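Asks:
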Amino acid sequence: MPTDFPQSYRLTGVRKLTPTVKAFEFAHEFDFVPGQFIMVWVPGVDEIPISLSGPNQITVKKVGEATNALHSLKKGDYIGVRGPYGNGFSIPGHRVLLVGGGVGIAPMKALAQYGEKDFTSVIGAQDKTELFFRQYFPGLHMCTDDGSAGEKAFATVVAERLLKDRKFDAVAACGPEVMLKFLFQICEKANVPAYFSMERWMKCGIGVCGHCSVDPTGWRVCKEGPVADGTVLRNSEFFQYKRDQAGREVEL
Amino acid sequence: MLTMEIAGLKLKNPTILAAGFLGTSASILKRVADSGAGAVTIKSIGPEPREGNPNPTVLCWGEGLMNAVGLPTPGYKNMTREWAELKDISVPVIASFYGGSISEFVEVAEAIVENKPAMLDVNIGCPNTKKHGAVFGKDPETAGKLINKIKEVAGSIPVMPKLTPNTDNMLEVAKACVDNGADAIAGFNTWGPGMVIDVNVRKPVMGFKTGGISGPAVRPLMVKGIYDLYEKIDAPIVAVGGIMYGTDVIEAMMAGATAVEIGSGIHYRGIDVFSKACSEMEAWMKENGVKSLEELVGSAH
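Protein chains in written order, with numbering that gives the first Met the number 0: chain A, 0 to 251; chain B, 0 to 300.
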């Protein structure tokens, strides 16, 4: 019988990467495909989906109650993990443009590290203190909103220029949905297939509660996703609206 | 071969998507209908927006699931898109709902009835909140009064309370519901509830600490409950609890069920568990010379 239950492991390392982002390593290695996620149980607080940035590593930005609690944990503390879940990146062709925005850089690091493609990379953040993992990205183009590191530009602008200059077989990306919205328009215009890691409010993580399913197809982010291609993204709720924890629609 | 009728609903097969599973939007309900379900159920609708319990809310411990999702709902006032798009679904759509008082149940029922669901599934069994669900399903008098009030606003739409098994009064509650006009009875909501403690962390794992138990582990408990219900009440019965395979459906029917709901089976066999169970039923029926499901209902008595 399959079990989908958090297994508790001690944290073997906690590293502060930026003022708001920490990398956590735990005493268990997952056999995973980059882009897959695990459910991370912060005992007594909450359980949240987080993409793996390595076989035994998650990289998390402080954004709410659960991530704040996670950030307060130290080496030797327990977290519970289950997974890996979802599809992960499965990208045809060889020349791939990677785009990571904000904490969306984390899963793209796993893809850059284990993806075995000819990667060109764009990573973007608000400012230089929020850029991390730059050593893992081949053919790196950095950008910041304020120009404090790399080019002063949005990642989408840099990606658009690269797509004009060179031939790519695919674009793989993770980041804020508004970034992905513009990036998808750019990919469609350039006629390059898109593979984006998407996010929706998740409860069960195993495809039974329905909370993360998207309109109009009922595609479940936790099961068929989280990596969506053009056939899923086109004419869908993505880039338009999502549902909150109660299931109410909210505009993007 | 698998057609069935229950409380006036014509089903192409007797497998119904159980309330609480995958019923959060019209689009996912449509997907389940396209995966072979004979009817689908909208996740319980409440009077006001509600976020539900913190995670973990659903876990599989091996022989079953435990859940304490905690009745999240956008609230009946925030479902415009869902009601509009439900019309594209090819099978009957059942609406599950709840309230925190009899008047709230009635308020939600009145709003739902305007959208003409095929049936009302009255949630008097959920163990995962402190003031909803099973609170109304353990005392025959309360349950009977609730069903009576809901029948007053339901019009021609059949009313089906879904029972909690976690009371010595289960049969009396069922009888009170039928005496007050319930058109069908669904048995059962989740069992227990149960608890699992992480021995390293020394804390309960579920966000709500406890969770209702479903899945294969509870199937024999469900079969016994349906068997008892069939002897005691005069209304069609919908069996819910650990049904995954065609022979599980047939077993529940022999105990007395007219139709079944499948929920946890989606985890074990995928979203197409409905069509899988149906082809298994057809194969069994052919092998055993059974022409119609009706001859199976209650045949183990």
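Idealized CB from N, CA, C, for every residue including glycine.
What you are looking at is a predicted structure, and each value in this text was computed from that prediction instead of being measured.
Go ahead and label V220(A) buried or exposed: buried means 16 or more other beta carbons lie within 10 angstroms of its beta carbon, across all protein chains shown.
Replies: In the first sequence, the residue the question calls residue 220(A) occupies position 221. Answer is buried; the Cβ neighbour count reaches 16.
Asks: Note down the Cα distance separating C203(A) from P73(B), rounded to an integer number of angstroms.
Replies: The count along the first sequence starts at 1 and reaches residue 203(A) at position 204. The count along the second sequence starts at 1 and reaches residue 73(B) at position 74. Taking the straight line from one Cα to the other gives about 18 Å.
Asks: Could you work out which residues of chain B lie near H210(A), taking near to mean beta carbons separated by less than 8 Å?
Replies: To locate residue 210(A), count along the first sequence from 1; it is residue 211. Simply T23, P71.
Asks: What residue does the beta strand (DSSP E) around Y240(A) start on, and which one ends it?
Replies: Numbered from 1 along the first sequence, position 241 holds the residue referred to as residue 240(A). Unbroken beta strand (DSSP E) run through Y240(A): 240 to 242.
Asks: Evaluate S298(B) with the Cβ neighbour count: other Cβ atoms within 10 Å of its Cβ, from every protein chain shown; 16 or more gives buried, anything less gives exposed.
Replies: Here residue 298(B) refers to the residue found at position 299 when the second sequence is read from its first residue. By the neighbour-count rule (16 or more Cβ atoms within 10 Å), S298(B) is not buried but exposed.
Asks: Mind checking if F25(A) is an interface residue toward chain B, Cβ cutoff 8 Å exclusive?
Replies: The residue given as residue 25(A) occupies position 26 in the first sequence. Closer than 8 Å: no.
Asks: Name the DSSP bridge partner or partners of T14(B)?
Replies: In the second sequence, residue 14(B) corresponds to position 15, counting from 1. Answer is V259(B), bridged to T14(B).
Asks: Is G69(B) near F207(B), with beta carbons less than 8 Å apart?
Replies: Position 70 of the second sequence holds residue 69(B). Position 208 of the second sequence holds residue 207(B). Contact flag set, yes.
Asks: Identify which residue in A133(B), C59(B), L28(B), T2(B) has its Cα closest to the Cα of D87(B).
Replies: Here residue 87(B) is taken as the residue at index 88 of the second sequence, counted from 1. Nearest option by C-alpha distance: L28(B).
Asks: Which word fits Y239(A), buried or exposed, when buried means at least 16 other C-beta atoms lie within 10 angstroms of its C-beta?
Replies: Position 240 of the first sequence holds residue 239(A). According to the sequence as given, residue 239(A) is Gln; it is not Tyr. Answer is exposed; the Cβ neighbour count stays below 16.
Asks: Regarding D228(A) and the ligand ATP, is the C-beta to nearest heavy atom distance less than 7 Å?
Replies: Ligands in the displayed structure: none, and consequently the ligand ATP is not present.
Asks: From P42(A), V156(A), Q134(A), Y135(A), pick the residue whose C-alpha is nearest to that of T143(A); which is it?
Replies: Position 144 of the first sequence holds residue 143(A). Comparing Cα-Cα distances from T143(A) to each of P42(A), V156(A), Q134(A), Y135(A), the minimum goes to V156(A).
Asks: Three or more C-beta pairs under 8 Å: does that hold for the segment 195 to 202 of chain A against the segment 114 to 131 of chain A?
Replies: Short answer: they don't touch.
Asks: Taking Cβ positions only, does C221(A) come closer than 8 Å to chain B?
Replies: To locate residue 221(A), count along the first sequence from 1; it is residue 222. So, not an interface residue.
Asks: If you measure from the beta carbon of P48(B) to each beta carbon in chain A, is any gap under 8 Å?
Replies: As a working note, residue 48(B) is residue 49 in the second sequence. Cβ-Cβ to chain A under 8 Å: yes for P48(B).
Asks: For V112(B), which option in K150(B), R80(B), A142(B) has the closest C-alpha, if you only look at C-alpha atoms?
Replies: By 1-based counting over the second sequence, the position of residue 112(B) is 113. Taking only the C-alpha atoms, the option nearest V112(B) is K150(B).
Asks: Mind listing the chain B neighbours of R233(A)? Cutoff is C-beta to C-beta under 9 Å, in chain order.
Replies: For the purposes of this step, residue 233(A) is taken as the residue at position 234 of the first sequence. None at all; the shortest Cβ gap to chain B is about 15 Å.
Asks: Excluding five sequence neighbours on each side, which residues of the same chain lie with their C-beta closer than 7 Å to the C-beta of V217(B)?
Replies: Counting from one through the second sequence, the residue named residue 217(B) turns up at place 218. Closer than 7 Å at the Cβ level, and outside the excluded window around V217(B), lie G63, W190, G240, G241.
Asks: Between which residues of its own chain and M0(A) is the CB-CB distance below 6 Å, once the five residues before and five after are set aside?
Replies: Mapped onto the first sequence, residue 0(A) falls at position 1. Because the pLDDT at M0(A) is just 42, under 50, the model does not fix this residue reliably, and the value given afterwards should be weighed accordingly. The answer is none, since no qualifying residue turns up.
Asks: Below 8 Å, how does it come out for the segment 190 to 204 of chain B and the segment 251 to 259 of chain B: are there three or more Cβ pairs, yes or no?
Replies: Output reads no: the segment 251 to 259 of chain B does not touch the segment 190 to 204 of chain B.
Asks: Looking at C-alpha atoms only, which residue of G103(A), F118(A), Q6(A), A154(A) is the closest neighbour of D145(A)?
Replies: By one-based count along the first sequence, residue 145(A) stands at place 146. Measuring from the Cα of D145(A), the nearest candidate turns out to be A154(A).
Asks: For chain A, find out if any of its Cβ atoms is closer than 8 Å to the Cβ of I27(B); answer yes or no.
Replies: Locating residue 27(B) in the second sequence gives position 28, where the first residue counts as 1. Chain A, which has a Cβ nearer than 8 Å to the Cβ of I27(B), makes this yes.
Asks: Taking the alpha carbon of P175(A) as the reference point, which residue from Y113(A), P106(A), G85(A) has its own alpha carbon closest?
Replies: Working through the first sequence from its first residue, we reach residue 175(A) at position 176. For P175(A), the nearest C-alpha among the options comes from P106(A).
Asks: Within 10 Å of its beta-carbon, does S52(A) have 16 or more other beta-carbons around it, so buried, or fewer, so exposed?
Replies: Here the question's residue 52(A) lines up with position 53 in the first sequence. With 16 or more Cβ atoms within 10 Å of its Cβ, S52(A) is classed as buried.
Asks: Which whole-angstrom value describes the C-beta separation of L119(B) and V158(B), a residue pair presumed to lie in contact below a C-beta threshold of 8 Å?
Replies: Translated into positions along the second sequence, residue 119(B) becomes position 120. Translated into positions along the second sequence, residue 158(B) becomes position 159. Indeed, because the Cβ distance is near 5 Å, the residues count as touching under 8 Å.
Asks: Give the residues of chain A in contact with K129(B), contact being defined as C-beta atoms less than 9 Å apart.
Replies: Residue 129(B) sits at position 130 when you count from the first residue of the second sequence. Residues of chain A passing the Cβ test: none, with the nearest at roughly 18 Å.
Asks: Could you check whether the Cβ of D247(B) sits closer than 8 Å to any Cβ belonging to chain A?
Replies: Start at 1 with the first residue of the second sequence, and residue 247(B) comes out as number 248. False, the Cβ-Cβ gap to chain A never drops below 8 Å.
Asks: List the whole-angstrom C-beta distance separating V59(A) from K21(A), where the pair is believed to meet the contact cut-off of C-beta under 8 Å.
Replies: Taking the first sequence and counting its residues from 1, one reaches residue 59(A) at position 60. Taking the first sequence and counting its residues from 1, one reaches residue 21(A) at position 22. Sure, about 6 Å apart at Cβ, within 8 Å.
Asks: My output table needs one value for F181(A): the three-state DSSP class, helix, strand or coil.
Replies: Numbered from its first residue, the first sequence carries residue 181(A) at position 182. Note: F181(A) maps to helix in three-state DSSP.
Asks: Identify, in the order they occur along the chain, each residue of the same chain with its Cβ nearer than 8 Å to the Cβ of L251(A), setting aside the five sequence neighbours on each side.
Replies: Counted from its first residue, the first sequence places residue 251(A) at position 252. Excluding positions up to five away in sequence, the list reads E176, V177, K180, F238, Q239, Y240, K241.
Asks: Comparing C-alpha positions only, which one of D126(A), D168(A), G12(A) sits nearest to P252(A)?
Replies: Examination of residue 252(A) is not possible in this model, given that chain A is present from 0 through 251 alone.
Asks: Can you grab the Cα-Cα spacing for the pair T56(B) / V80(A), in whole Å?
Replies: Against the second sequence, residue 56(B) aligns to sequence position 57. Against the first sequence, residue 80(A) aligns to sequence position 81. T56(B) and V80(A): Cα-Cα distance of roughly 14 Å.
Asks: Compare the beta carbon distance of G22(B) and K9(B) with 8 Å and say whether it is the shorter of the two.
Replies: Position 23 of the second sequence, counted from the first residue, corresponds to residue 22(B). Position 10 of the second sequence, counted from the first residue, corresponds to residue 9(B). Their beta carbons are not under 8 Å apart, which means G22(B) does not touch K9(B) by this criterion.
Asks: Among residues of its own chain, excluding the 5 on either side of E4(B), which ones have a beta-carbon nearer than 6 Å to its beta-carbon?
Replies: As a working mapping, residue 4(B) is identified with position 5 in the second sequence. There are no such residues.
Asks: Excluding five sequence neighbours on each side, which residues of the same chain lie with their C-beta closer than 7 Å to the C-beta of I104(A)?
Replies: Position 105 of the first sequence holds residue 104(A). I122, F131, F132, listed in sequence order.
Asks: Return the bridge partner residues of Y77(A) from the DSSP annotation.
Replies: Counting from 1 along the first sequence, the entry for residue 77(A) is found at position 78. Looking at the DSSP assignment, Y77(A) forms a beta bridge with R9(A).
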